[in-house]
Amino acid sequence: MTEAGKPNKVAIVACMRKLLVILNAMIKTNKPWDESFHTV
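Count the sequence shown with my numbering and you get residues -14 to 25, in order.
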C-alpha cells in the first residue's frame, strides 16, 4: 500500500483490520489459527 502512495498509518490500519476480522471469525467458529490458510 505504501508503494502505491498511501501513508504508513493507512497501511498499518488496514493490516490491523484484517487481523481483527480473522481473529473475530476464529472466535465465532471456535477454530485455531491455521498458518497455511492465513498467508501474506
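All C-beta atoms in this analysis are idealised placements derived from N, C-alpha and C, irrespective of residue type, glycine included.
- Secondary structure of Met(-14) (DSSP, three-state): coil.
- For the pair Lys3 and Ala(-4), the Cα-to-Cα distance works out to about 11 Å.
- Put simply, the backbone Cα of Met1 is about 15 Å away from that of Pro(-8).
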